[in-house]
Each structure stands twice: as structure tokens, then as C-alpha cells.
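So the protein sequences, as listed, match chains A and B.
Per my numbering, the first sequence starts with residue 20, numbered consecutively.
Per my numbering, the second sequence starts with residue 20, numbered consecutively.
Glycine residues also receive a C-beta, built at the ideal position from the N, C-alpha and C atoms.
A short worksheet on the structure shown next.
Number of protein chains: 2
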Amino acid sequence: MQKLDDELVSPNVFVDVVIFQLIDNELSVLLVKRARDPYEGKWALPGGHNPVGETASQAISRSLFEKAGIKTERLELIEQLYTFDNTDRDPRGPAVTLAYLGLSRNLVPKASKSTWNPQFFPVNDIPQLAFDHNLIIEHAKDRLASKILYSNITFALLPRLFTLSRLQEAYEAILGRKLDKRNFRKKYLSLDLIKPTNEYHMNGAHRPAKLYRFNKHGIEYLSRSFDEAL
Amino acid sequence: MQKLDDELVSPNVFVDVVIFQLIDNELSVLLVKRARDPYEGKWALPGGHNPVGETASQAISRSLFEKAGIKTERLELIEQLYTFDNTDRDPRGPAVTLAYLGLSRNLVPKASKSTWNPQFFPVNDIPQLAFDHNLIIEHAKDRLASKILYSNITFALLPRLFTLSRLQEAYEAILGRKLDKRNFRKKYLSLDLIKPTNEYHMNGAHRPAKLYRFNKHGIEYLSRSFDEAL
DNA sequence: ACAAAAGTGTTAAGAATACACCCATGT
DNA sequence: ACATGGGTGTATTCTTAACACTTTTGT
């Protein structure tokens with residue numbers, strides 16, 4: 020076999036994950052406090068080096084577990100977001116960073132190596148982060164906001180049984196605007212993504228709410244995206 | 020500064036580009052015949068190694084010029100498509116491949132190192148390619164087909180002045196189905212992406228066609244995607 | 001009886017679809 | 001005069017958007 024190039028030296032490869040979760044109906048993102056240079060002490064997305072011998076998924080699983088005590092099997096969904104090339108990630112030279120987007124419900128982060136101090140922050144109130152991580156989170160928000168308009172992706176953020184009000188609140192949190200209750204329900208029910216159960220959620224001094232569940236707990240795309248204004 | 024890891028060895032990094040162009044109203048893709056192992060003699064997307072010291076864009080520019088004599092400035096649009104990790108790209112070990120999508124009009128490929136024999140193939144009639152390049156092209160087709168429904172991306176494929184019939188044919192080629200002439204025109208003109216000129220295209224034994232131009236020669240997104248069936 | 005969230009329907013405006021004939025030109 | 005692709009309008013159906021009151025429960 021012929022040699023490819025005289026010098027086959029590549030940039031280093033890193034992975035970073037944006038993990039979103041709804042906490043008190045607010046879209047929140049998992050951050051860790053960096054325990055090492057560069058940017059030691061700054062908040063950042065969980066991630067790390069992708070060494071030879073690991074796929075990107077494996078590198079993510081390992082980093083997530085080391086830094087936040089989270090097993091990727093506990094994520095409801097993970098997908099590639101964007102690849103940032105020649106970031107300043109690695110002080111020793113050029114780097115390529117593969118950013119992923121993960122969605123979960125109910126995860127409680129707890130670092131095995133406690134120094135990373137993993138925590139969820141509301142996306143509308145995050146500090147200045149290491150690297151270009153603020154930018155990555157913006158990308159992730161945009162991706163999510165566009166995907167809820169043409170898929171059942173909210174299945175990954177809501178509990179298995181949920182009320183229509185809760186679903187609407189999730190949409191409102193992600194889109195960042197209020198929706199009309201009657202129109203939302205009429206429209207969403209017509210999509211055949213969810214079905215009612217016989218259970219009710221009794222909460223406070225008011226009428227109990229019917230609980231619904233998603234038909235599929237995997238992503239499903241609509242043939243036509245629904246309207247912006249929903 | 021503290022060391023990151025004892026061993027910081029990353030997969031190799033490659034880039035590949037899917038360049039689409041309309042040729043005789045058919046969506047076509049630029050391929051090169053590999054002059055080196057692996058897959059010597061097989062058709063493949065143009066691409067190559069991304070060494071330290073080059074951004075992905077630079078690596079693409081260089082590979083495209085070496086293998087197809089094309090300068091990236093001649094592309095009307097280029098964007099990231101997807102990143103494939105741990106492909107079998109590099110016989111010497113694991114690799115990450117950054118795939119890009121480029122659109123152009125009128126490019127005539129000509130290798131400077133002629134062994135790569137660059138040529139456009141109709142996307143509906145491409146041979147079995149090296150690596151997972153057939154798959155990458157499918158991704159690229161899907162991306163393009165979805166983007167023509169919510170952006171002016173066709174500006175990058177059509178000549179500066181074009182007739183509505185030509186525009187419609189572009190849509191039909193990319194979507195793979197026929198569209199209604201009256202509805203297409205009414206809808207597209209209502210989007211305010213193009214404007215008529217005072218020029219006409221005289222072609223054969225029939226009425227001359229009015230020529231239009233795009234308002235912007237850069238990508239522009241619609242606030243609401245137009246309907247699937249257009 | 002009151003407070004609080006759940007639930008429900010109609011109307012008007014706009015968008016999508018289906019569909020067929022005349023127009024301007026070259027030969 | 002005919003063949004060829006360019007150009008145009010209307011009626012129907014479906015979707016969206018705007019909007020307010022009744023129901024069920026706990027206290």
C-alpha cells in the first residue's frame with residue numbers, strides 16, 4: 020500500500036455535549052466547572068478528548084460519566100449538532116470539536132470525581148463559559164426550537180405521562196413565546212403523536228388534568244411541519 | 020500550564036465535499052477517480068486529509084484544487100453537512116471525516132494532477148463509491164431537498180438570470196416530483212425572493228420567456244417554510 | 001363560595017390545491 | 001398554419017388565527 024502523505028498529522032479531536040432538560044418548566048443545560056486548564060474554574064459543557072480507539076459516542080459516554088456521573092443510556096435522545104474546527108480547545112495545538120445535543124428528563128448529575136461540580140443552569144441565565152460554549156448552546160437551542168415544530172422530539176423532555184398544559188409549557192419554554200391554549204390543543208391532537216390515557220393528574224385546588232403519552236418513544240418526523248405560530 | 024492527558028492521540032481528520040450542480044436540469048455531483056489506495060481506481064467524493072495548520076475550509080480548498088482544479092471561491096455556497104466518526108478512511112487507523120456540501124453553477128472540473136479525472140455524475144446514476152460516500156451523497160440530497168423549501172438556496176444553482184420554467188425544473192429535479200406550473204409561479208413570486216428583469220430569453224419556436232434574478236445572492240431563510248407539495 | 005387550572009367551539013382570513021386555455025415565436 | 005414552450009385565473013378545500021366561558025376540584 021502506498022503512503023497517503025508524508026506527514027499525516029491531524030488536529031486533536033474533542034467532543035462536547037449540550038444536555039437539555041426541563042426543570043420547573045424552564046429549559047436548562049448541564050454545565051460543569053472545569054477542574055483543569057485551560058479555563059480552569061470556568062463553567063463549560065461536559066466533554067473531553069476523543070482518543071484513538073473510541074468513537075465519538077464512546078468519548079461522550081466516558082466524559083459524561085467522569086464529569087457528571089451520567090450514563091448516556093439515561094439520555095432519551097442524542098444527536099450530532101455541529102463540528103467546530105480549529106477551536107482553541109487544546110492548548111497544545113489545533114483542534115476539532117464535535118458537538119452533540121442530548122435530551123433527558125429527571126437526570127440528577129453527580130460527579131464521580133467531584134471536582135467537576137455538574138449542575139443544570141436555565142438556558143436563559145448562563146454565565147460566560149469556557150471556549151465557544153455559549154455559542155454552541157445557542158446553536159443547540161435553535162436546533163431544538165426548530166425540531167419541535169416538525170417532530171415529536173418533546174417526548175425526550177417530558178415524563179412518560181404528562182398533561183396538555185405541561186406539553187404546552189414545554190413548547191412555550193423552548194420557543195420563547197406564549198401559545199393559544201385552544202389552538203395548541205386542537206393542532207397537537209390532530210398530529211396523532213400522543214394519545215390520552217385513563218389517568219388524571221390531580222394537583223391542586225382545581226379540575227384534574229387528563230394524562231397523555233407519546234405513541235412512540237423515539238424520534239418521528241412529521242410530513243409537514245406545523246406552523247410557526249402553532 | 021497543566022497537561023491535559025498523558026496520551027493525547029486523536030483519530031486522523033479528513034474532509035470530503037459533495038458539490039452539486041445542475042447539468043441539463045439534472046442534479047449532478049462531482050466525483051473523482053481515486054489515484055491512490057485505499058480504494059484506488061474507485062470513484063469518490065473529492066476530499067483529503069486535514070492536517071494541523073489548516074482549517075477544514077482550507078483543507079477543502081486545497082483538495083478541491085488538487086483533485087478537480089476547482090477554486091472554492093467559484094462555489095456559490097458551501098456549508099457543513101455532517102461529521103462521520105471512525106470511518107475506515109485512513110488505513111493507518113481511526114478517522115473522523117467532516118463532510119461539506121457545496122453548490123455551484125457552470126464549473127468545469129479539470130484536475131491539475133490529471134490522474135484524478137474529476138467529473139460530474141447525475142445523482143440518480145452514480146456508481147458504487149469508495150468509503151461511505153454513497154451514503155454521504157444521500158445525506159446531501161436530503162439536506163438540499165429540505166432547504167429549497169424554506170430558503171432561496173436555489174440561487175446557488177441557477178444562472179444569474181433565469182426563467183421561471185428553469186426554476187421550476189430545478190425544484191422538480193431536486194424534489195424528484197412534478198409541480199403544478201400555475202401554483203408554483205403564484206407561490207414562488209409571493210415569496211419576494213426573486214424579481215423580474217426587462218430581459219427575455221429567446222430559445223426556440225415559441226414565446227420568449229421573461230428572465231428573473233434573485234434579490235440576494237446569499238442564503239436567506241423564509242420565516243415559514245412553504246408547503247411540501249408546493 | 002371562591003380560587004385555580006382544565007377543558008371546550010365558532011368564525012373569519014389566508015393558504016393550498018386542482019384544473020385548461022390563450023400567447024408569442026420560429027419554421 | 002402548426003408546433004412549442006410561456007403565460008395566466010378561479011373555485012374549493014383545508015389550515016390558521018383570534019377569541020371567552022364553563023367545569024371540576026380543594027379549601
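- Non-local beta-carbon contacts of L241 (chain A) in its own chain, meaning distances under 6 Å to residues more than five positions away in sequence, involve Y169 in chain order.
- Here R108 (chain A) is buried, its C-beta having at least 16 other C-beta atoms within 10 Å.
- For S29 (chain A), a Cβ of chain B is located within less than 8 Å of the residue's own Cβ.
- Two segments are said to touch when three or more pairs of C-beta atoms, one from each, lie closer than 8 Å; by this definition the region 107-121 of chain A does not touch the region 133-147 of chain B.
- With respect to chain A, the C-beta atom of Y101 (chain B) has a partner C-beta closer than 8 Å.
- Cβ neighbours of E59 (chain B) within its own chain (closer than 6 Å, five residues either side excluded): R53.
- Taking a Cβ-Cβ threshold of 7 Å, none of the residues of chain B is close to D107 (chain A); the smallest such distance is about 13 Å.
- Listed by position along chain B, the residues whose Cβ is nearer than 8 Å to that of G112 (chain A) are V71.
- Pairwise C-beta distances place the region 170-179 of chain A in contact with the region 116-125 of chain A, as three or more of them are shorter than 8 Å.
- If you ignore the 5 residues before and after E218 (chain B), its C-beta comes within less than 6 Å of the C-beta of L230, all in its own chain and listed in chain order.
- When C-beta atoms of the region 144-159 of chain B are compared with those of the region 198-207 of chain B, fewer than three pairs fall below 8 Å, so the two segments do not count as touching.
- Within 7 Å of the CB of T74 (chain A), the CB atoms of chain B belong to D104, N105, in sequence order along the chain.
- For I238 (chain A), no beta strand (DSSP E) encloses it, and the DSSP letter there is neither H nor E.
- Distance from the CA atom of A75 (chain A) to the CA atom of M221 (chain B), rounded to whole angstroms, is 55 Å.
- For H152 (chain B), no chain A residue has a Cβ inside 9 Å of its Cβ, as the nearest lies near 17 Å away.
- In this structure, the straight-line span from the alpha carbon of K86 (chain A) to that of D43 (chain A) is close to 24 Å.
- Taking the Cα of I167 (chain B) as reference, the smallest distance to any Cα among B:I79, B:E157, B:I156, B:L186 is reached at B:L186.
- With 16 or more other CB atoms across the displayed protein chains lying within 10 angstroms of its CB, G66 (chain B) is buried.
- Interface criterion not met: the Cβ of S170 (chain B) is under 8 Å from no Cβ in chain A.
- One thing to note: A114 (chain B) has its Cβ no nearer than 8 Å to the Cβ of T102 (chain B).
- At least one CB of chain B lies nearer than 8 Å to the CB of D246 (chain A).
- Between S82 (chain A) and V34 (chain A), the gap from beta carbon to beta carbon is short of 8 Å.
- Between F140 (chain A) and S47 (chain A), the C-beta spacing is below 8 Å.
- Straight through space, the alpha carbons of A189 (chain A) and V142 (chain A) are spaced by roughly 13 Å.
- With 16 or more other Cβ atoms from the protein chains shown falling within 10 Å of its own Cβ, E95 (chain A) counts as buried.
- Within 9 Å of the CB of V115 (chain A), the CB atoms of chain B belong to S29, V32, N69, A75, T102, V115, L117, in sequence order along the chain.
- At a cut-off of 8 Å, the C-beta of R243 (chain B) has a neighbouring C-beta in chain A.
- If you ignore the 5 residues before and after L198 (chain A), its C-beta comes within less than 7 Å of the C-beta of Q187, Y190, E191, L249, all in its own chain and listed in chain order.
- At the C-beta level, L183 (chain A) and T216 (chain A) stay beyond 8 Å of one another.
- Look at H152 (chain A) here: in three-state DSSP terms it is helix.
- The criterion of a C-beta distance shorter than 8 Å is not satisfied by N234 (chain B) and L208 (chain B).
- Y231 (chain A): member of the beta strand (DSSP E) spanning 228-233, first to last residue.
- Each residue's CA atom was taken as its position, placing R162 (chain B) and L126 (chain B) some 21 Å apart.
- Contact annotation, A164 (chain B) with V37 (chain B): C-beta distance approximately 13 Å; criterion of less than 8 Å not satisfied.
- Of the candidates B:N171, B:R226, B:H225, the residue whose Cα lies closest to the Cα of E239 (chain B) is B:N171.
- Look at R204 (chain A) here: in three-state DSSP terms it is helix.
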